[in-house]
Amino acid sequence: MVKEITVSIFRYDPESDKHPSYQTYSVPSKERMLVGDVLEYIHENLDGSLAYRWECRMRLCGGCTILINGKPGLICREQAEPSMTLEPLPFLPIVRDLVVDRKSLLDKIYSVPPLTRQKSPVRLPEPIAHEVILGLRVPRQCVQCLACVAVCPATEVLTADLFLPPKLIQIAGFAIDDRDTVDRVQESEESNLFDCACCHACEEVCPHEINISEKVITALRNKTYEHGIGRGGRYIKAFYDTLQAKGKVNASGILLRSQGYLRAIMKAPQGIRLIARGKFVSPFGKPIPDIEDIRTIIGPTEQEK
Amino acid sequence: MRRDYTTIATDVLIIGAGAAGLRAAVEAGRKGVKVIILNKASFPSGSSNISGGNMQASFGWVAGDTKENHFRDTVLSSKYLCDQSLVEILVEEAAQRIFDLEEFGVLFSRTTPDRYAQTMGGGFTVPRSVMVGGRCDDVLRVLYKTATGYGARMYEQVMATDLLRNQDGAVIGATAIDIVTGNFMFFKARSTILANGPCGRLFKITANTRSATGDGFAMAYRCGAKLVNMEFMLFLPLGFIYPEFMKGVVLGELSSFGENTKALNVLGERFMQKYAPETMEKSTRDISSRASYLEIMEGRGTPSGGIIIDNSMNNLKESENGPVRNVSYYRIIRDCLGGDTANMKDLLEATPTALYCLGGIKINKRCETSVPGLYAAGEAEANLHGANRLAGNSVIETQVFGTRAGYYAADYAAGVTTPTPDPVELINHEYEQSRSAFDGRSGFKPIQLKKEIQDIMWNKVGIVRNGEGLIAAIRELEGIRQDKMPALYLSSASKRYNYEWVEAMEVDNMITVTEIMSRCALMRQESRGAHYRSDFSETDNANGLYESMTLNQNGTVQLSKEPLNTSKMIPEDAGPDG
Ligand SMILES: Cc1cc2nc3c(=O)[nH]c(=O)nc-3n(C[C@H](O)[C@H](O)[C@H](O)COP(=O)(O)OP(=O)(O)OC[C@H]3O[C@@H](n4cnc5c(N)ncnc54)[C@H](O)[C@@H]3O)c2cc1C
Ligand code: SF4
Ligand code: SF4
Ligand code: FES
């Protein structure tokens, strides 16, 4: 007897459908099947009208990300499960069915200026230390698949002024490059570097297994601390003042423990959202020059306890 | 009546946002002209995006690393079938193009802070390929930012459908479909560059991406541009065989796992013994692809239709990436086939796979095609590689010839001063043509025809060919064109992201290109490099040293044998295949 995969797929054509609906298909199950196999089977044998996107099959184009049982994943990477619900990525305009229009987010991500030197290099190859290359390589592996964006609680918390992990990742792709003259500290602060709660949710879904909280967020934060207590520190202090004024310092620690809790906060009023941001206090990478100042302000962090 | 379309005017129009198209955009943009790039897939895409990113250039840092050697290696690998005037340009300009990429911000791997790491490849006299950590996608992002920095604008998920010409026969832009909205567009341009890459999707099993259906070759052919050496398609011996979705994605080369890799058929025989007893598993990729293909076609493949790779005799180092040097490959193998396979403890099943189109649109040193106003760059263009290509000579080709195409196309555009009115008749015709797929009500879905074509090509115009099979293939392809294509229908009337519709347009291009490929393969009665005829298994230097030329004569394929440019190296020592 042929085993079957039952898959329920989000259908919506904004031009002709009033509401989205879900359509269920049965696909014969085989050994070693990716979600992409299930969709290709449907396209070839059951329903040619279903819209979904792929290009490279190697996790490199970033265009095939959808929600698989509620979790963002690449159809060229995730294994098919016996029962699946497939939906488009949230928060983006739907083109049709599983295809979303990524442009608004990609434009933001690509708006990060490229390597900008004082003047053209006179001697090529330019001397660059091996470690620097390796450090820059990690963020440059990001393919803008937006899987991390779909799970990131900080992205959901702030919609108007979007916190976008892949944008910070782009910035990190230049941050430790001595040749670069762009103020990446300012850039990353303007891109809400301190909104990240270091919850690691993004890392679980990243197809390139990028250690975002450490290699990107912490690396960038360390960079801001190089400017003394600087902007990052002032930000923390302002946050602390807010907390103290509202008397919710203890609450912040509890709030930040679970990503589930953070997600609940996303619909809460502004005051509580700020608390959600408090998690940024804990994941200091290397000790910053003025760490003691901050420690005395804030008290010991979660990790240190 | 004017159909509903949008006209967008530009100086230079570039079709394809791979490494070639983007490099052309940078160069044209630098010259201050307006540049528009169309890309069928969402960006980044194409072969450039999934490529290993090895790029050959001679820097002269190690003894024996000279441009002359790069030239010689390339010509020898081509089996003398390349255009040597293009090879001269390649070896001359390669290093400078690498430096350009570094200036734009590409991070080349290094041995010391100011020296690029250079690796070896089959057929190299010395290690010569630089790389970007084993991937190439970042090169595309860097080029994209650089090009947009110079004002270039990209329209992604917009598929060019045809090139239009004015009364003088010059190309004046392209019609296109916005895949997202279904809108029809006319991109009016003073000059146009075809940079739409490979055509691996003509074959059932390929390492190429979804968009690689050879649209550019078909468009060039339709508008009268000459194509050369279209019989030459490069295959790699080892691609994924399952999951089905991954079929053809590159696993590696026989030599990439270690010294003691064994390639076995289903009977457990080390079949390379039969085909290349001296070099065995270390044979060049054309020979090992051919051997694996023959084993499979002759019924000695595994039930899944593959050969078996046994690495158990390799003394494999346990490391984070396993024995597979490239961590991205390691992860894909691990996730699809399991950790033990990725660590090469389990046997690996593999199939040969279509990688690269050696033939293409004929260009001269300025990347001009035979049609005024039309340029070509990258994998779309030819003839740099002849009958076989050195690893690492192709991404660098996109840089060298992309730069030239952008430069000369911008010059040409600046010289076009007379305003061109929209050729409304032609546009209307194209419009009707592109929508005709929606008229069908029953018959064949585009994907069915696509698969039929891919099967024919794999079985009869694949790694091993013969006259009988080629004639049958031509007849079958003809049958599809005449009987089945008019009976196409689509499942949905929606114009929004309707990939069946895209496929219907692709099938049309695929039929054109496959017919050309089969006819050229039939004409070449010898075996040379990637082209192998079981009925003419020897290399025939007396009759085979020609460039095969395809031209559209009022709708029929006209073939001819053109003399080769052998300005520097004379093929007297063009040895036997191998
Ligand atoms: C797996 C793999 C590994 C490789 N590794 C190497 C290597 O290490 N070194 C090396 O030298 N070479 C390598 N190659 C070959 C090399 O990568 C390619 O030849 C080269 O990148 C081609 O670049 P391109 O810009 O010409 O085409 P592509 O990069 O393929 O770009 C063409 C673009 O055109 C678009 N397009 C297609 N049709 C249309 C249309 N109708 N309208 C609009 N746009 C269209 C496509 O979407 C695509 O993005 C490899 C190839 C593969 C498949
Ligand atoms: S670690 Fe930071 S960036 Fe990643 S999901 Fe959590 S909050 Fe978002
Ligand atoms: S960081 Fe990873 S998950 Fe996020 S966009 Fe980049 S590749 Fe995708
Ligand atoms: S198909 Fe490109 S990332 Fe999945």
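Here the protein sequences come in this chain order: D and E.
Under the numbering used here, the first residue of the first sequence carries the number 1, and numbering increases by one thereafter.
Under the numbering used here, the first residue of the second sequence carries the number 1, and numbering increases by one thereafter.
The C-beta atom is built at its ideal place from N, Cα and C for all residues, glycine as well.
Does the distance from the CB of residue i to the CB of residue j come in under 8 Å?
{"i": "glutamate 4 of chain D", "j": "proline 28 of chain D", "result": "yes"}
{"i": "glutamine 157 of chain E", "j": "serine 42 of chain E", "result": "yes"}
{"i": "alanine 160 of chain E", "j": "glycine 378 of chain E", "result": "no"}
{"i": "glycine 200 of chain E", "j": "alanine 207 of chain E", "result": "yes"}
{"i": "phenylalanine 10 of chain D", "j": "leucine 98 of chain D", "result": "yes"}
{"i": "isoleucine 463 of chain E", "j": "phenylalanine 235 of chain E", "result": "yes"}
{"i": "isoleucine 8 of chain E", "j": "glycine 21 of chain E", "result": "no"}
{"i": "valine 649 of chain E", "j": "glutamate 515 of chain E", "result": "Absent from the model: residue 649 of chain E. The displayed extent of chain E is 1 to 578, so no value can be given."}
{"i": "threonine 369 of chain E", "j": "alanine 212 of chain E", "result": "no"}
{"i": "aspartate 87 of chain E", "j": "valine 75 of chain E", "result": "Note on identity: in this sequence residue 87 of chain E is valine, with aspartate being the wrong assignment. Going by C-beta atoms, valine 87 of chain E is nearer than 8 Å to valine 75 of chain E."}
{"i": "alanine 387 of chain E", "j": "leucine 81 of chain E", "result": "yes"}
{"i": "alanine 147 of chain E", "j": "leucine 13 of chain E", "result": "no"}
{"i": "phenylalanine 240 of chain E", "j": "valine 249 of chain E", "result": "yes"}
{"i": "glycine 402 of chain E", "j": "methionine 55 of chain E", "result": "no"}
{"i": "threonine 125 of chain E", "j": "asparagine 69 of chain E", "result": "yes"}
Can you tell me whether DSSP reads residue i as helix, strand or coil?
{"i": "alanine 117 of chain E", "result": "coil"}
{"i": "glutamine 482 of chain E", "result": "helix"}
{"i": "serine 362 of chain E", "result": "It should be pointed out that residue 362 of chain E corresponds to lysine in this sequence rather than to serine. The answer is strand: DSSP assigns lysine 362 of chain E an E or B state."}
{"i": "arginine 96 of chain D", "result": "strand"}
{"i": "proline 269 of chain D", "result": "Per-residue confidence for proline 269 of chain D stands at a pLDDT of 34, beneath the threshold of 50, marking its modelled position as unreliable; no derived number is given."}
{"i": "arginine 221 of chain D", "result": "helix"}
{"i": "isoleucine 474 of chain E", "result": "helix"}
{"i": "aspartate 17 of chain D", "result": "coil"}
{"i": "lysine 368 of chain D", "result": "Any question about residue 368 of chain D goes unanswered here, given that chain D covers just 1 to 305."}
{"i": "aspartate 168 of chain E", "result": "coil"}
{"i": "glycine 133 of chain E", "result": "coil"}
{"i": "methionine 523 of chain E", "result": "helix"}
{"i": "arginine 59 of chain D", "result": "coil"}
Using a Cβ-Cβ distance cut-off of 8 Å, determine whether residue i contacts chain E.
{"i": "alanine 150 of chain D", "result": "no"}
{"i": "methionine 84 of chain D", "result": "no"}
{"i": "alanine 175 of chain D", "result": "no"}
{"i": "proline 127 of chain D", "result": "yes"}
{"i": "leucine 92 of chain D", "result": "no"}
{"i": "leucine 146 of chain D", "result": "no"}
{"i": "leucine 136 of chain D", "result": "yes"}
{"i": "proline 88 of chain D", "result": "no"}
{"i": "serine 104 of chain D", "result": "no"}
{"i": "glycine 63 of chain D", "result": "yes"}
{"i": "serine 29 of chain D", "result": "no"}
{"i": "alanine 219 of chain D", "result": "no"}
{"i": "histidine 19 of chain D", "result": "no"}
Taking 8 Å as the CB-CB limit, is residue i close to chain D?
{"i": "alanine 41 of chain E", "result": "yes"}
{"i": "lysine 204 of chain E", "result": "no"}
{"i": "lysine 145 of chain E", "result": "yes"}
{"i": "glutamate 506 of chain E", "result": "no"}
{"i": "leucine 101 of chain E", "result": "no"}
{"i": "glycine 306 of chain E", "result": "no"}
{"i": "lysine 345 of chain E", "result": "no"}
Contact between the stretch 482-493 of chain E and the stretch 537-555 of chain E is defined here as three or more beta-carbon pairs at a separation below 8 Å; is this criterion met?
no
Within the stretch 131-200 of chain D, note down every full alpha helix (DSSP H) run reaching 4 residues or more, in order along the chain.
Taking only runs of at least 4 residues, the alpha helix (DSSP H) segments lying wholly in the stretch 131-200 of chain D are 147-151, 153-157, 165-175, 184-190.
Which whole runs of the alpha helix (DSSP H) in the stretch 200-274 of chain E are 4 residues long or more, in chain order?
215-222
contact_flag[the stretch 122-135 of chain D, the stretch 69-76 of chain D] where n(CB pairs < 8 Å) is 3 or more
no
Entirely within the stretch 533-578 of chain E and at least 3 residues each: give me those beta strand (DSSP E) ranges in chain order.
Those beta strand (DSSP E) runs which fall completely within the stretch 533-578 of chain E and span 3+ residues are 547-553, 556-562.
Per the contact definition of three or more C-beta pairs closer than 8 Å, is the stretch 54-72 of chain D in contact with the stretch 141-148 of chain D?
yes
Contact between the stretch 359-367 of chain E and the stretch 171-178 of chain E is defined here as three or more beta-carbon pairs at a separation below 8 Å; is this criterion met?
no
Say whether the stretch 171-187 of chain D touches the stretch 288-295 of chain E, bearing in mind that this needs 3 or more beta-carbon pairs closer than 8 Å, one atom from each stretch.
Output reads no: the stretch 288-295 of chain E does not touch the stretch 171-187 of chain D.
Assess, as a yes-or-no matter, whether the stretch 436-454 of chain E is touched by the stretch 486-493 of chain E under the definition of 3 or more beta carbon pairs within less than 8 Å.
yes
In chain order, each alpha helix (DSSP H) run of at least 4 residues that lies wholly inside the stretch 15-83 of chain E
19-30, 46-50, 67-77
So, do the stretch 11-28 of chain E and the stretch 396-412 of chain E have three or more beta carbon pairs nearer to each other than 8 Å?
yes
Quick one: which unbroken beta strand (DSSP E) runs of 3-plus residues sit fully inside the stretch 338-394 of chain E? Chain order, please.
348-357, 360-362, 374-376
Touching or not, the stretch 261-274 of chain E and the stretch 323-343 of chain E, by the rule of three or more beta carbon pairs under 8 Å?
no
Report yes or no: do the stretch 181-197 of chain D and the stretch 106-116 of chain D share at least 3 C-beta pairs separated by less than 8 Å?
yes
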